[in-house]
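As structure tokens, the structure follows; a few thoughts come after it.
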Amino acid sequence: ARLVAVAAGSVVGTDARLVAVGSADGRPSVWWSTDGLAWQRPALAPEVFLDGATLADVVADPVSGGFVAVGGVGDTAAAWLSPDGESWSQAVVDPGPAMEIIEFTRLGLIAFGTGAPSGAAGADPAEETVAWQSFSGERWLRAINDPDLFARPGSERVVAVVDAGREVQAFVARDGQGPELWWTTDGLFWSQRPGAGTDLLPAAGTPAVGAATALGSVLVVAGTDAKADGTDAAMWLSTGTQGFEQVNHDEAVFGGDGIQAMTGLVRVGDGLIVVGTETGDDGDVDAVVWSGPASGVVRPGVPEVPVPGDQYVADIAAVGPTPVAVGWEETAAGVEAVVWVVASAPMPADDAPASGLAGQSPPPPELAWQRVGEQAALGGPGEQRMEAVTALPDGFVAVGSAPGPGGDADGAVWRSVDGREWSVVGADSFAGPGDQRLVGVAAGPSGLAAVGTDGSSAAAWTSPDGDVWTRVPHDEGIFVGPGDQRMEAVTALPGGRGWAAVGTDGQGDGALWTSSDGTWDRVDAEGLGGPDDQVLLDVVAGATALVAVGADGPSAAAWTSTDATTWSRADLGPGRATALAASETALVAVGSTETDGTDAVTWRSADATTWERMQGDDLAGPLDQDMAGVTVGDDVIVAVGATNLGGGLDAAAWTSADAGAWGRSAHNEGIFGGDQAQRMADVTSIGGLVVAVGWSGSSPDSRDAAAWVADQAGGSARSRL
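The sequence shown maps to residues 14 to 734 in the working numbering.
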């Protein structure tokens with residue numbers, strides 16, 4: 014048996030979970046564990062894993078906790094997905110060679126494979142490399158084929174894929190020249206970065222890449238440096254100018270007798286755990302581990318324990334604070350799967366919360382905020398309000414409302430490349446009799462969707478690019494009903510399956526709408542009503558579940574559904590949850606609660622079922638404060654809202670490293686305050702740039718749209734969520 018890859022994620026209704034893939038007895042095999050110590054191997058259905066199937070890599074779903082594995086059936090690409098690592102279904106994959114590597118990025122799931130071109134078996138053809146993209150793991154599309162990149166003479170393999178913020182990068186091992194770097198901003202069109210080999214990764218010899226990851230705005234690359242006197246382990250850090258510099262070589266750390274190679278790395282806390290192999294002069298292969306900050310890992314002393322045979326470490330992941338590595342051992346008796354767990358790593362306490370997120374939180378990171386200067390696109394007579402914002406590969410889109418020709422409110426959309434300079438997007442579809450307001454926006458593989466209200470009816474708009482917008486045709490059976498119908502938030506469904514929007518139905522119950530083709534349907538959902546009034550205020554979607562937050566009477570609440578029809582509810586305690594965001598391993602919700610005044614409140618969950626309510630001095634106090642939006646950025650979680658700290662209502666922002674401990678950004682009247690009222694209504698981030706939107710003004714006669722930016726390029730923020 015061999016273990017070739019491992020991923021850590023969360024599963025709805027359970028604690029954090031590890032899933033490892035490999036082979037046993039000549040068949041593909043999967044193992045799962047909650048702690049890295051005790052493992053179970055489920056039986057895999059032969060009708061799902063066909064004869065000739067192989068598993069090469071696995072990744073965790075970022076929201077709902079499922080897992081996606083890639084490999085092949087024979088020499089043909091194949092992928093599988095699972096909600097829990099136990100039951101699996103086969104995905105639909107565009108033809109190509111067997112998939113070899115998968116990574117979750119902000120552009121969705123990205124996979125690569127290299128082999129004979131489709132339909133060319135037996136012809137001894139040149140190899141081709143194929144890139145695929147998927148937003149759920151269920152349906153995989155091939156990237157645009159560039160023969161000058163993907164079908165060049167010679168042999169090449171994609172060995173690492175990393176989300177670098179503004180783009181996704183792939184490190185490629187190419188025979189005869191060392192590594193090269195490919196990049197994309199949309200997942201479909203890939204280009205090569207100039208420079209290869211030592212021009213890309215400076216080295217004394219020939220560099221090779223084994224693994225890569227992002228630590229905020231810094232990329233960390235681990236691999237080897239093959240020199241005339243031997244091959245040593247090596248690491249490189251990005252310099253912020255599309256270049257890399259090699260971490261100072263310490264022979265005691267990276268060198269030694271024989272060959273040292275780094276094959277995997279994972280972030281644990283504020284440092285890294287790196288694994289690899291050491292091949293002695295006698296040919297014996299042993300597992301090796303390095304640990305520490307990216308700029309100065311060390312090789313811990315490990316007691317000499319005689320182990321027969323050769324040990325190979327293939328991959329590493331972390332469940333909570335515990336790193337777990339997988340691989341195999343070759344002896345005269347055969348090949349056995351092996352798991353390594355760091356025994357000294359702090360383990361969850363017996364009475365730890367079921368969320369799996371227990372442990373002391375690091376101090377909140379600090380961000381340097383700037384208020385966007387006054388500009389014509391944000392001001393004017395009457396009331397301009399930015400209500401929501403989303404990030405695209407080429408900038409930002411904000412939605413809200415602005416005065417119409419007749420004095421009523423019309424929907425409004427703004428565009429910005431950098432979050433600092435904004436322009437108004439004009440469209441007749443935003444106007445009409447009465448008030449139209451856009452309050453939610455989301456980006457997906459087919460473009461964007463915005464939701465809000467038209468008078469007392471719900472309303473929706475779509476756009477392919479953020480510049481051209483179309484109103485979804487008004488259907489009274491879908492958008493109209495007794496009382497006021499309101500769509501509050503929208504999210505893209507995985508796999509390009511459309512959209513889901515949440516809100517209220519005007520009769521005191523939560524409401525859900527879905528769209529698969531541009532038209533919308535109202536879902537007759539069970540579990541969104543009750544004796545009190547329910548309202549759903551935000552929603553996120555994973556491969557296997559939808560999660561929404563809002564309020565149920567006087568209590569904040571979270572709802573979860575695997576089919577959009579039947580929902581289960583979790584009581585979050587007194588208050589109102591107004592916004593929700595997801596990282597690769599957890600969910601964080603923010604809102605407010607009424608005590609002697611108004612206090613901000615946050616919750617976090619690993620499974621969308623069990624939630625932990627957080628406390629902190631910067632969330633409460635004698636003054637009023639509330640949170641309205643939240644985003645999980647590069648190594649920092651940012652929430653925004655308002656406080657009366659400055660004497661009147663002022664904008665406010667909070668940060669956290671893990672959604673446990675929160676700190677409010679120091680109040681600066683010139684940034685967050687002013688002569689009138691200011692509020693941050695929503696926040697988003699991409700590539701280390703955080704952008705918040707809202708408004709400034711004390712009355713509808715004098716209220717302007719407003720935006721704030723904070724750049725994480727300094728790399729001072731760290732996240733453990």
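Here a beta-carbon is modelled for each residue, glycine too, at the ideal position from N, C-alpha and C.
Selection from the options that minimises the alpha carbon distance to residue i
i, options, result
"residue 578", "570, 538 and 549", "538"
"residue 197", "151, 124 and 353", "124"
"residue 274", "284, 263 and 302", "302"
"residue 567", "575, 604, 515 and 526", "604"
"residue 218", "201, 234 and 243", "243"
"residue 553", "481, 469, 474 and 643", "643"
"residue 338", "516, 18 and 670", "18"
"residue 503", "183, 471 and 393", "471"
"residue 210", "159, 86 and 194", "194"
"residue 105", "213, 61, 677 and 268", "61"
"residue 466", "580, 232 and 454", "454"
"residue 559", "584, 587 and 594", "594"
"residue 272", "142, 236 and 305", "236"
"residue 109", "164, 58, 98 and 56", "164"
"residue 658", "652, 638, 645 and 674", "638"
"residue 98", "121, 55 and 187", "55"
"residue 678", "665, 687, 510 and 544", "665"
"residue 686", "510, 473 and 383", "383"
"residue 606", "622, 281, 588 and 159", "588"
Opening and closing residue of the alpha helix (DSSP H) in which residue i lies
i, result
"residue 160", "160-163"
"residue 343", "Per DSSP, residue 343 belongs to no alpha helix (DSSP H); it is in the beta strand (DSSP E), 335-344."
"residue 266", "264-267"
"residue 491", "489-492"
"residue 683", "682-685"
Presumed contact (8 Å Cβ cut-off) between residue i and residue j, rounded CB distance
i, j, result
"residue 436", "residue 390", "5 Å"
"residue 113", "residue 69", "5 Å"
"residue 340", "residue 16", "6 Å"
"residue 641", "residue 629", "Wrong, their Cβ atoms sit about 18 Å apart, outside the cutoff."
"residue 257", "residue 234", "7 Å"
"residue 551", "residue 570", "Not really, about 12 Å apart at Cβ, beyond 8 Å."
Secondary structure of residue i, DSSP reduced to three states
i, result
"residue 115", "strand"
"residue 362", "Bear in mind that the predicted position of residue 362 carries a pLDDT of just 33, short of 50, making it too unreliable to give a figure here."
"residue 722", "strand"
"residue 419", "coil"
"residue 443", "helix"
"residue 630", "coil"
"residue 294", "coil"
"residue 33", "strand"
"residue 717", "strand"
"residue 1", "Outside the modelled stretch of the chain, which goes from 14 to 734, sits residue 1, for which no answer is possible."
"residue 467", "strand"
"residue 424", "strand"
"residue 107", "coil"
"residue 313", "coil"
"residue 508", "helix"
"residue 646", "coil"
Near the ligand FMN: residue i beta-carbon under 7 Å from a heavy atom
i, result
"residue 296", "Ligands displayed in this structure: none; no statement on the ligand FMN is therefore possible."
Residue range of the unbroken beta strand (DSSP E) whose run includes residue i
i, result
"residue 41", "40-46"
"residue 307", "Per DSSP, residue 307 belongs to no beta strand (DSSP E) and is neither H nor E."
"residue 192", "191-197"
"residue 534", "533-535"
"residue 16", "15-23"
"residue 54", "Premise fails: residue 54 is in no beta strand (DSSP E) and is neither H nor E."
"residue 544", "It is not in any beta strand (DSSP E) - residue 544 carries neither H nor E in the DSSP assignment."
"residue 184", "181-187"
"residue 276", "272-281"
"residue 449", "449-457"
"residue 329", "323-332"
"residue 95", "89-95"
"residue 388", "Where residue 388 is concerned, there is no enclosing beta strand (DSSP E), given that its DSSP letter is neither H nor E."
Contact with chain D by residue i, beta-carbon distance below 8 Å
i, result
"residue 411", "Here chain D cannot be found, since the structure has a single protein chain."
Under 8 Å: do the stretch 222-233 and the stretch 158-176 share three or more Cβ pairs, one atom per stretch?
yes
Give a yes or no on contact between the stretch 476-492 and the stretch 527-542, applying the rule of three or more CB pairs nearer than 8 Å.
yes
The stretch 617-625 in contact with the stretch 341-355 per 3-pair CB rule at 8 Å
No, the stretch 617-625 does not touch the stretch 341-355.
Kindly confirm or deny that the stretch 472-492 and the stretch 410-426 touch, where touching means at least three C-beta pairs closer than 8 Å.
yes
Is the stretch 197-206 close to the stretch 258-270, with three or more CB pairs under 8 Å?
Touching, no, given that fewer than three Cβ pairs across the two stretches are closer than 8 Å.
Is the stretch 86-95 touching the stretch 146-154, taking contact as three or more C-beta pairs under 8 Å?
yes
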